[in-house]
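For the sequence shown, the UniProt record's numbering gives the first residue as 1, with consecutive numbering after it.
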Amino acid sequence: GITSMFTNFTKLCKGLALVLVVGHLLVQFVPATVPYLALIPASGYFELSVHGVVISTVSLLFMGKFLEPVWGSKEFLKFIFVVNFLTYLCVFVTAIALYYITRLEIYLYMPFAGFHGVLAGLLVGIKQIIPDQEVLLVKIKAKWLPSITLVLSIASSFFTLNSAAYLPTLIFGTYMGWLYLRYFQRRTETKLRGDPSDDFAFSTFFPELLRPIIDPIASIFHRMLCGRSNATSEDHGYTTSGAPLPGSDSAEASRRRERGARALEERLATERLVPPRNKEELQSDALDSV
Numbered sequence: 001g002i003t004s005m006f007t008n009f010t011k012l013c014k015g016l017a018l019v020l021v022v023g024h025l026l027v028q029f030v031p032a033t034v035p036y037l038a039l040i041p042a043s044g045y046f047e048l049s050v051h052g053v054v055i056s057t058v059s060l061l062f063m064g065k066f067l068e069p070v071w072g073s074k075e076f077l078k079f080i081f082v083v084n085f086l087t088y089l090c091v092f093v094t095a096i097a098l099y100y101i102t103r104l105e106i107y108l109y110m111p112f113a114g115f116h117g118v119l120a121g122l123l124v125g126i127k128q129i130i131p132d133q134e135v136l137l138v139k140i141k142a143k144w145l146p147s148i149t150l151v152l153s154i155a156s157s158f159f160t161l162n163s164a165a166y167l168p169t170l171i172f173g174t175y176m177g178w179l180y181l182r183y184f185q186r187r188t189e190t191k192l193r194g195d196p197s198d199d200f201a202f203s204t205f206f207p208e209l210l211r212p213i214i215d216p217i218a219s220i221f222h223r224m225l226c227g228r229s230n231a232t233s234e235d236h237g238y239t240t241s242g243a244p245l246p247g248s249d250s251a252e253a254s255r256r257r258e259r260g261a262r263a264l265e266e267r268l269a270t271e272r273l274v275p276p277r278n279k280e281e282l283q284s285d286a287l288d289s290v
């Protein structure tokens, strides 16, 4: 059981982990590459520190092991590209805005780099697929992982400068991951986009005490993004002529998560019983069952 936990990582995740390692080595041994970190599409694939590349590669391998069989390799890769690009675009715009507000040149020359924005987005994917599953030894439900990560990051930013530098990327990575999964990810089983269920609403990142305050604010941005909540919109896959589409309600979203969790549990349980030569077949079966 312990051995299977640290093996059977997907080929795609291994390849992406290799990209992160190579990117880090380029930064260390070819310092001339650092100025190119300003290129937004490439920013997330360069880690400037050893501990950063270790955390990013290990986290990617483990989270990819859960998410890729459910989403599929193409969608998993698309999610990483989209979240990385949007995250660093927002960080770049924020830095420019802060420069014009404060006139401090540090915001112009601060290097933007690190995979932690994508990792924050992947945590949102874990929250969506297996929200009620307790993780590892901490006995915390997966649905709280993104929120706890942000709270700890905000708290540590008051004490260390490095944590403060990571904070904008983590915040935007979390939000962009949720935004993509909530409104734009295409569901192959229903041909619809997004996850409109109440269990994945923006307010679920907050304690229940705050949700009555958060929901009205979030609904404003929802209307800005999708128009009226009861408007006809095939593009968003929520309604057609005012009637809910099959699979667009919270019950269907819950069934999707149950299927994903069941497929993952069956896959992980069977890996402990089946010889290594059959593991590729198991990954394919788990994906087909979703």
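Each residue gets a CB set at the ideal place from its N, CA and C atoms; glycine is no exception.
*Under the three-state reduction of DSSP, which class applies to R187: helix, strand or coil?*
Position 187 of the sequence shown holds residue 187. DSSP places R187 in strand when its eight states are reduced to three.
*Sub-8 Å separation of T87 and G117 beta-carbons*: The residue you call residue 87 lines up with position 87 of the sequence shown. The residue you call residue 117 lines up with position 117 of the sequence shown. Judged by their CB atoms, T87 and G117 are nearer to each other than the 8 Å cut-off.
*Is the distance from the Cβ of G173 to the Cβ of A120 below 8 Å?*
As a working mapping, residue 173 is identified with position 173 in the sequence shown. As a working mapping, residue 120 is identified with position 120 in the sequence shown. If you check the CB distance, G173 and A120 come in under 8 Å.
*Under the three-state reduction of DSSP, which class applies to I126: helix, strand or coil?*
Working through the sequence shown from its first residue, we reach residue 126 at position 126. I126 sits in a helix when the DSSP states are folded into three classes.
*Rounded straight-line distance, which links the Cα of K11 to that of L18*: Working through the sequence shown from its first residue, we reach residue 18 at position 18. Working through the sequence shown from its first residue, we reach residue 11 at position 11. Each residue's alpha carbon lies about 11 Å from the other.
_Exposed unless 16 or more other CB atoms sit within 10 angstroms - verdict on T57_ = Taking the first residue of the sequence shown as 1, we reach residue 57 at position 57. T57 is buried by the Cβ-count criterion.
*Check the C-beta distance from N8 over to K74 and give it rounded, since I have them as a contact under 8 Å.*
As a working mapping, residue 8 is identified with position 8 in the sequence shown. As a working mapping, residue 74 is identified with position 74 in the sequence shown. Rounded to the nearest angstrom, the Cβ distance from N8 to K74 is 20 Å, too far for a contact under 8 Å.
*Taking one C-beta from the segment 95-115 and one from the segment 127-147 each time, how about it: are there three or more such pairs within less than 8 Å?*
No: fewer than three Cβ pairs fall under 8 Å.
*May I ask which residues mark the beginning and end of the alpha helix (DSSP H) holding G201?*
On the sequence shown, residue 201 is found 201 positions in, with the first residue counted as 1. In the sequence on display, residue 201 carries Ala and not Gly. DSSP places A201 outside any alpha helix (DSSP H), giving it a letter other than H or E.
_Cutoff 8 Å; reference C13; Cβ partners in own chain excluding five residues on either side_ = For the purposes of this step, residue 13 is identified with residue 13 of the sequence shown, where counting begins at 1. Around C13: L60, L61, G64, K65 and E68.
*If you drop the 5 nearest sequence neighbours on each side, which residues of the same chain put their C-beta closer than 8 Å to that of Q28?*
Numbered from its first residue, the sequence shown carries residue 28 at position 28. Same-chain partners within the cutoff: there are none.
*asked:* Need the endpoints of the alpha helix (DSSP H) that Y88 sits in, please.
replied: Translated into the one-based positions of the sequence shown, residue 88 becomes position 88. Residues S73 to T102.
*Report yes if the CB atom of G177 is closer than 8 Å to the CB atom of G125, and no otherwise.*
Start at 1 with the first residue of the sequence shown, and residue 177 comes out as number 177. Start at 1 with the first residue of the sequence shown, and residue 125 comes out as number 125. It is a contact, given that the beta carbons lie within the stated cut-off.
*Can you tell which of S197, K143 and F76 has the C-alpha that lies nearest to the C-alpha of F206?*
In the sequence shown, residue 206 corresponds to position 206, counting from 1. Restricting attention to S197, K143 and F76, the CA atom closest to the CA of F206 is found in K143.
*T169 to V91, Cα distance in whole Å?*
To locate residue 169, count along the sequence shown from 1; it is residue 169. To locate residue 91, count along the sequence shown from 1; it is residue 91. Annotation: T169 to V91 spans about 6 Å, alpha carbon to alpha carbon.
*For S49, which of I106, N162 and I101 has the nearest alpha-carbon?*
What you label residue 49 is simply residue 49 of the sequence shown in a count that begins at 1. For the options I106, N162 and I101, the alpha carbon positioned closest to that of S49 is the one of N162.
*If you draw a straight line from the C-alpha of P31 to the C-alpha of L16, how long is it?*
Your numbering for residue 31 matches position 31 in the sequence shown. Your numbering for residue 16 matches position 16 in the sequence shown. Rounded to the nearest angstrom, the two C-alpha atoms are 22 Å apart.
*asked:* By the DSSP assignment, the alpha helix (DSSP H) with M110 in it spans what residues?
replied: Here the question's residue 110 lines up with position 110 in the sequence shown. Per DSSP, M110 belongs to no alpha helix (DSSP H) and is neither H nor E.
_Residues near L210 by beta carbon distance below 8 Å, same chain, minus five either side_ = The residue given as residue 210 occupies position 210 in the sequence shown. Close CB contacts of L210 within its chain, under the 8 Å cut and outside five residues either way in sequence, are with S203 (chain order).
*Rounded C-beta distance between Y99 and L108? I'm assuming under 8 Å.*
As a first step, residue 99 must be located in the sequence shown, where it is residue number 99. As a first step, residue 108 must be located in the sequence shown, where it is residue number 108. Rounded, the Cβ-Cβ distance is 5 Å, consistent with contact.
*How long is the line joining the alpha carbons of R223 and S43, rounded to whole angstroms?*
As a first step, residue 223 is located in the sequence shown; it is residue number 223 there, counting from the start. As a first step, residue 43 is located in the sequence shown; it is residue number 43 there, counting from the start. Annotation: R223 to S43 spans about 31 Å, alpha carbon to alpha carbon.
*Which word fits A155, buried or exposed, when buried means at least 16 other C-beta atoms lie within 10 angstroms of its C-beta?*
In the sequence shown, counting from the first residue as 1, residue 155 sits at position 155. Burial call: exposed.
*With T169 as the anchor, note down where its alpha helix (DSSP H) starts and where it stops.*
The residue you call residue 169 lines up with position 169 of the sequence shown. First-last of the alpha helix (DSSP H) with T169: L161 to L179.
*Closest to D199 by CA distance: which of L181, R103, L122 and I101 is it?*
Counting from 1 along the sequence shown, the entry for residue 199 is found at position 199. Residue L181 is the option with its Cα nearest to D199.
*What residues in its chain sit with their C-beta under 6 Å from that of A164, if we drop five residues either side in the sequence?*
Here residue 164 refers to the residue found at position 164 when the sequence shown is read from its first residue. Counting only Cβ-Cβ distances below 6 Å, and skipping sequence neighbours, we find S157.
*Through-space distance from G23 to F46, alpha-carbon basis*: As a working mapping, residue 46 is identified with position 46 in the sequence shown. As a working mapping, residue 23 is identified with position 23 in the sequence shown. Between F46 and G23, the alpha-carbon positions lie close to 5 Å from each other.
*Report the option in E208, V82 and F76 whose CA atom is closest to the CA atom of P41.*
On the sequence shown, residue 41 is found 41 positions in, with the first residue counted as 1. Ranking the options by Cα distance to P41, first place goes to V82.
*asked:* On the DSSP bridge list, what partners appear for I140?
replied: For the purposes of this step, residue 140 is taken as the residue at position 140 of the sequence shown. Its beta-bridge partners are V135.
*Separation of F112 from G52, as counted between CA atoms*: Against the sequence shown, residue 52 aligns to sequence position 52. Against the sequence shown, residue 112 aligns to sequence position 112. Rounded to whole angstroms, the gap between the alpha carbons of G52 and F112 is 13 Å.
*In angstroms, rounded to a whole number, what distance separates the CA positions of F221 and L122?*
Here residue 221 is taken as the residue at index 221 of the sequence shown, counted from 1. Here residue 122 is taken as the residue at index 122 of the sequence shown, counted from 1. Separation of F221 and L122 (C-alpha to C-alpha, rounded to the nearest whole angstrom) is 22 Å.
*Is K141 closer than 8 Å to Q133 when the C-beta atoms are compared?*
The count along the sequence shown starts at 1 and reaches residue 133 at position 133. The count along the sequence shown starts at 1 and reaches residue 141 at position 141. The Cβ atoms of Q133 and K141 lie closer than 8 Å to each other.
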